[in-house]
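J.: Quick one: the structure is below, questions incoming.
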Amino acid sequence: MTAFSNGSWDPGSGLKQRTLRLYQVSFIIITMLPFILPVLSVSASNAQSASGALNNASLLMRSLKIAALSAIFATILGFSTGMSLWNKNSLPYKLRALLIFFILLPPYLFTQGWMALSASPPPGLGFLPAPAGEFWCIFIFATAFAPLAALIIGLGHSLMPWPVLESICLSQPPFAAFRIVIFPLLKPFIAASTLIIAMLIMLDGTVPLSLQVPVFATEITSRFLAGSSASSVLLDVWPLLFLMLPMGLAAFKLIKRYSLNDSSAGKTHRCLLPFSSLPAPIKLVLCAGNACFIFLIGLPVTGLIRQAFSRANEGLSLHTDGNAVLWSCGIALLTAIISAVFAVPLGAKLARSRKVFFAILAFLPLFIPASLTGITWATLSTKLHAFFAQMPDGFTIVMAHLARALPYTLLISIFAWKTFSQKSTRESVFFFRTHIRQRLAIELPIFLLCFLVAAVISLRELETSLLTVPPGGQTLPLRVFNLMHYGAGADVCKLSLLLSGLLALASVIIVKRWPK
Amino acid sequence: MIRIENLHYSQSDQKIIGNLNLCFAPGSVNIIFGPSGCGKTSLLRLIAGLEIPVSGTIRNNDQIWSEKDFILPPWQRNIDMLFQADALWPNMTVGQQIAWAGRQRKENAGNDFSPEIIETLQVNHLVDRYPAGLSGGEAKRCQLARVLASGAETILLDEPLAAQDKETAGNTAGLLKQILAKSQSTLIIVSHEITLLRHPDWNFIFLPDKNQI
Chain C
205 MTAFSNGSWD PGSGLKQRTL RLYQVSFIII TMLPFILPVL SVSASNAQSA
255 SGALNNASLL MRSLKIAALS AIFATILGFS TGMSLWNKNS LPYKLRALLI
305 FFILLPPYLF TQGWMALSAS PPPGLGFLPA PAGEFWCIFI FATAFAPLAA
355 LIIGLGHSLM PWPVLESICL SQPPFAAFRI VIFPLLKPFI AASTLIIAML
405 IMLDGTVPLS LQVPVFATEI TSRFLAGSSA SSVLLDVWPL LFLMLPMGLA
455 AFKLIKRYSL NDSSAGKTHR CLLPFSSLPA PIKLVLCAGN ACFIFLIGLP
505 VTGLIRQAFS RANEGLSLHT DGNAVLWSCG IALLTAIISA VFAVPLGAKL
555 ARSRKVFFAI LAFLPLFIPA SLTGITWATL STKLHAFFAQ MPDGFTIVMA
605 HLARALPYTL LISIFAWKTF SQKSTRESVF FFRTHIRQRL AIELPIFLLC
655 FLVAAVISLR ELETSLLTVP PGGQTLPLRV FNLMHYGAGA DVCKLSLLLS
705 GLLALASVII VKRWPK
Chain D
2 MIRIENLHYS QSDQKIIGNL NLCFAPGSVN IIFGPSGCGK TSLLRLIAGL
52 EIPVSGTIRN NDQIWSEKDF ILPPWQRNID MLFQADALWP NMTVGQQIAW
102 AGRQRKENAG NDFSPEIIET LQVNHLVDRY PAGLSGGEAK RCQLARVLAS
152 GAETILLDEP LAAQDKETAG NTAGLLKQIL AKSQSTLIIV SHEITLLRHP
202 DWNFIFLPDK NQI
């Protein structure tokens with residue numbers, strides 16, 4: 205009680221303030237390390253940066269064009285599914301685990317899927333041209349991010365004040381209700397969904413890399429691998445960061461209008477807007493939208509499955525591929541445990557805090573491209589070679605994955621703590637005798653959720669692995685990416701399916717374990 | 002005439018309403034009262050079509066509104082409801098919402114009483130404001146104005162005098178009586194404030210705990 209009254213103990217996380225501060229500092233160091241790149245590399249080449257400036261502008265414009273078009277198409281594609289998520293009897297609601305799976309599926313596997321389809325023997329879609337160029341880049345990004353758009357729109361719909369929806373549905377048929385109240389209230393979420401997806405696409409270099417479309421995110425890696433210094437890479441990245449900061453702030457402000465503690469949050473309705481009572485044109489639009497969504501998103505996976513079990517089997521090597529799987533699982537496990545240990549107490553603190561500094565702490569690392577994180581850790585391991593040589597194999601890659609996973613894990617933790625009943629958190633003090641049992645009872649579901657999210661991010665991470673993997677080491681996404689250059693063979697499809705299977709398992713557990 | 006026959010309703014396996022039989026004459030004003038948890042609000046939601054009964058029937062004249070495997074969509078019932086929670090549409094001003102409800106009435110019945118209702122309920126000064134800026138009591142009166150302006154055939158009022166102090170609640174009750182005297186709608190009101198709503202022509206229905214009527 206004394207500890208509580210003198211403010212040295214944080215009631216949300218159950219940890220001492222001093223321990224929490226240590227966690228915060230560690231979080232900042234691990235995630236925001238790219239900003240110390242100029243210190244790491246003192247030989248910045250000003251001439252190189254100046255000559256690259258013009259090229260940067262055109263690359264940035266191309267990135268922006270691809271991101272904007274893909275995000276708009278993704279939102280349009282995900283709209284009807286997002287709207288249907290609200291109804292308990294709808295097909296998208298029943299298949300929500302599948303939706304989570306497609307959100308977790310890395311976009312480069314969609315590229316792999318379409319490659320498999322275009323290379324499939326008849327009868328199939330062999331008439332499709334092999335994916336390459338800007339059009340395919342936009343198309344694959346749009347289909348890969350449509351499930352996320354559907355989830356954000358569905359979340360927006362479920363956060364609308366309950367009686368408001370009921371009152372409009374009492375007096376107006378569905379289309380009028382949608383036009384008068386639902387759509388105007390949904391507009392901020394549609395805008396936020398487009399902005400968030402555009403930001404994620406601008407940071408993603410994997411799809412453009414596999415389709416050989418140079419964009420800003422791929423250029424960062426290319427320049428570093430071509431011998432540019434780390435600090436000149438950071439100087440080149442600033443325009444991207446400056447462009448994304450207002451986008452991120454706008455998305456944050458749009459979503460912040462709705463309180464997550466609203467009593468209607470997370471509810472679905474079974475009486476309002478039953479599908480059978482909808483007018484025929486709306487039924488047709490919803491059905492067509494959902495069919496289009498399922499077709500375009502499911503098709504690449506069917507391509508992977510078909511190609512994986514085709515006869516053209518070149519044989520997987522237990523040594524190379526088995527090691528890649530083991531490496532991936534080991535790194536994911538370590539990353540997930542450390543991320544969850546950090547994110548759960550920090551999330552508990554940030555969920556209750558209204559300080560801007562803490563918001564920046566949680567959101568700023570999200571704007572750092574994966575390639576920049578990879579470059580930072582690769583540079584650090586070269587500069588501090590003596591220290592890193594003492595560390596076990598894979599230390600650098602785990603740290604890089606940690607830097608990627610921590611911001612997302614922290615966001616999930618904050619969201620989970622906000623939806624978690626604050627009352628039950630306080631009341632648990634009376635039910636359990638020991639402090640550890642109290643914390644376990646409260647935190648275990650959130651810990652598991654954070655663990656799974658971090659494991660998934662680590663499992664699908666490609667760009668940082670590309671730059672930080674130790675000699676002789678290989679992760680599953682890296683192996684897939686390397687084999688992709690030789691076309692959509694059976695082996696690469698099998699490995700892609702294996703990666704998808706691990707992600708599917710995680711998505712099923714996430715849906716089952718998500719706090720109701 | 003709204004007729005409720007052998008109505009049973011449960012929520013999460015907990016019985017809320019058991020074997021309820023009621024009848025509401027057209028144009029009548031009916032006050033339902035009873036202890037907390039006896040199913041008053043659930044009854045209004047069942048009549049509105051926002052919940053599905055376990056068994057029994059709700060019908061209006063010859064038209065079935067709700068039964069076990071069938072539910073007529075709420076918007077096909079010519080019904081409006083005042084909710085206990087704030088149900089004003091956040092994207093419109095109070096004036097826009099009441100005027101919109103008035104236009105609905107004009108389309109259906111050929112007249113629009115919304116200016117009169119705004120005057121009587123004394124919400125003139127709130128018409129240009131958005132719901133976010135209103136207090137609980139003001140929001141309740143504005144919502145009441147919108148519901149009454151809609152002139153629906155059946156109007157359900159869930160605790161219309163809640164969220165107001167005793168004096169304001171007394172005034173609102175008086176104003177409500179004035180408006181309802183001219184109304185053609187069938188009114189079903191759930192309220193704990195039955196002393197304020199006392200009226201010789203109105204029907205009072207007591208719903209006992211875990212009722213068996």
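Protein sequence lines correspond, in order, to chains C and D.
Quick note on numbering: the first sequence equals residues 205 to 720 in this note's numbering.
Quick note on numbering: the second sequence equals residues 2 to 214 in this note's numbering.
Even glycine gets a Cβ: it sits at the ideal position worked out from N, Cα and C.
Just to confirm before moving on: does the CB-CB distance between W581(C) and T600(C) stay below 8 Å?
T.: For W581(C) and T600(C), yes; Cβs fall inside 8 Å.
J.: Contact check, A609(C) vs S543(C) under 8 Å by CB: the rounded distance?
T.: About 5 Å; that satisfies the 8 Å criterion.
J.: Under the rule that 16 or more other beta-carbon atoms within 10 Å means buried, what is A492(C), buried or exposed?
T.: Burial call: exposed.
J.: Take L666(C) as the anchor and find which of S700(C), G551(C), F446(C), P443(C) has the nearest alpha-carbon.
T.: It is S700(C) whose Cα lies nearest to the Cα of L666(C).
J.: Hey, quick one: how far does the alpha helix (DSSP H) through F591(C) stretch, first residue to last?
T.: Counting along the chain, the alpha helix (DSSP H) containing F591(C) begins and ends at 589–594.
J.: Does any residue of chain D bring its CB to less than 8 Å from the CB of S711(C)?
T.: Cβ-Cβ to chain D under 8 Å: no for S711(C).
J.: Can you tell me which residues form a DSSP beta bridge with N61(D)?
T.: Paired residues: I3(D), Q64(D).
J.: Mind pulling the chain D residues with CB within less than 7 Å of C373(C)?
T.: Here the neighbours are P75, W76.
J.: Just confirm the distance between the C-beta atoms of V148(D) and L83(D), as a whole number of angstroms; I'd bet it's less than 8 Å.
T.: About 5 Å; that satisfies the 8 Å criterion.
J.: Name the one or two DSSP bridge partners that I18(D) has.
T.: Note: I18(D) sits in a beta bridge opposite Y10(D).
J.: Can you give me the start and stop residues for the beta strand (DSSP E) that M1(D) sits inside?
T.: Missing from the structure shown is residue 1(D); chain D here goes from 2 to 214 and no further.
J.: Quick check: F708(C) and A659(C), are their CB atoms within less than 8 Å of each other?
T.: For clarity, residue 708(C) is Ala in the given sequence; the question names Phe instead. Their beta carbons are not under 8 Å apart, which means A708(C) does not touch A659(C) by this criterion.
J.: Could you tell me which residues DSSP puts in a beta bridge with L23(D)?
T.: BP columns for L23(D) point to I5(D).
J.: Distance check for Q77(D) and L176(D), CA to CA, integer angstroms please.
T.: About 29 Å.
J.: To the nearest angstrom, report how far apart S264(C) and F420(C) are at their CA atoms.
T.: Sequence inspection shows Leu at residue 264(C); the Ser mentioned does not correspond to that position. In a straight line, the C-alpha of L264(C) is about 6 Å away from that of F420(C).
J.: Closest by CA to L237(C), which one among I713(C), G677(C), G578(C), L680(C)?
T.: Answer by Cα proximity: G578(C).
J.: Within 10 angstroms of the Cβ of P116(D), are there 16 or more other Cβ atoms? Answer buried if so, exposed if not.
T.: P116(D) is exposed by the Cβ-count criterion.
J.: Could you work out which residues of chain C lie near Q185(D), taking near to mean beta carbons separated by less than 7 Å?
T.: Result: empty, since nearest Cβ-Cβ is about 17 Å, beyond 7 Å.
J.: Which residues, in chain order, does the region 331–348 of chain C contribute to contact with chain D at a C-beta distance below 8 Å?
T.: Answer set for the region 331–348 of chain C: empty.
J.: So, is A254(C) buried or exposed, given that buried needs 16 or more other C-beta atoms within 10 angstroms?
T.: Unreliable placement is indicated for A254(C), whose pLDDT of 47 sits below 50; the coordinate value is still reported in the next sentence. Flag for A254(C) reads exposed.
J.: What's the call for S575(C), buried or exposed, on a 16-neighbour Cβ count within 10 Å?
T.: Classification of S575(C): buried, given that the 10 Å Cβ count is 16 or more.
J.: Is L70(D) close to chain C, meaning its C-beta is less than 8 Å from at least one C-beta of that chain?
T.: A small fix is needed here, since residue 70(D) is Asp in this sequence, not Leu. Not closer than 8 Å to any Cβ of chain C, the Cβ of D70(D) fails to qualify, so no.
J.: Under a CB-based cut-off of 8 Å, is L268(C) close to chain D?
T.: It does not: the Cβ of L268(C) has no partner Cβ on chain D nearer than 8 Å.
J.: What would DSSP say about I33(D), mapped onto helix, strand or coil?
T.: Note: I33(D) maps to strand in three-state DSSP.
J.: Figure out for me which residue from H193(D), S56(D), L8(D) has the closest Cα to the Cα of S37(D).
T.: Closest by alpha carbon: H193(D).
J.: Please tell me whether P54(D) has its Cβ less than 8 Å away from any Cβ of chain C.
T.: With 8 Å as the cut-off, P54(D) does not count as an interface residue toward chain C.
J.: Check L709(C) in the structure and name its three-state DSSP category.
T.: Here L709(C) sits in helix by DSSP.
J.: Count the other C-beta atoms from every protein chain shown that fall within 10 angstroms of the C-beta of G358(C), then say buried if there are 16 or more, exposed otherwise.
T.: Counting Cβ neighbours within 10 Å, G358(C) comes out buried, since at least 16 surround it.
J.: Alpha carbon to alpha carbon, how far is V235(C) from W213(C)?
T.: One point to set straight first is that residue 235(C) is Thr, not Val, in the sequence displayed. Near 25 Å, if we compare the C-alpha coordinates of W213(C) and T235(C).
J.: Please report how far the alpha carbon of A217(D) lies from the alpha carbon of P367(C), in whole angstroms.
T.: There is simply no residue 217(D) to check, as chain D begins at 2 and stops at 214 in what is shown.
J.: Just the Cα atoms here: how many angstroms apart are L8(D) and N22(D)?
T.: When rounded, the distance between both Cα atoms is 7 Å.
J.: Using a cut-off of 8 Å between C-beta atoms, extract the partners of Q376(C) located in chain E.
T.: You won't find chain E in this structure, because its protein chains are C and D.
J.: Anything in chain C within Cβ reach of P91(D), meaning under 8 Å, just list it in chain order.
T.: Residues of chain C passing the Cβ test: P365, V368, L389.
J.: Decide yes or no for the touch test of the region 296–304 of chain C against the region 313–332 of chain C: beta carbon pairs closer than 8 Å, at least 3 of them.
T.: At 8 Å Cβ cutoff, the stretches do not touch.
J.: Mind listing the chain C neighbours of D87(D)? Cutoff is C-beta to C-beta under 9 Å, in chain order.
T.: The contacting residues are P365, P367, V368.
J.: From which residue to which residue does the beta strand (DSSP E) around V191(D) run?
T.: Element bounds for V191(D): 187–191.
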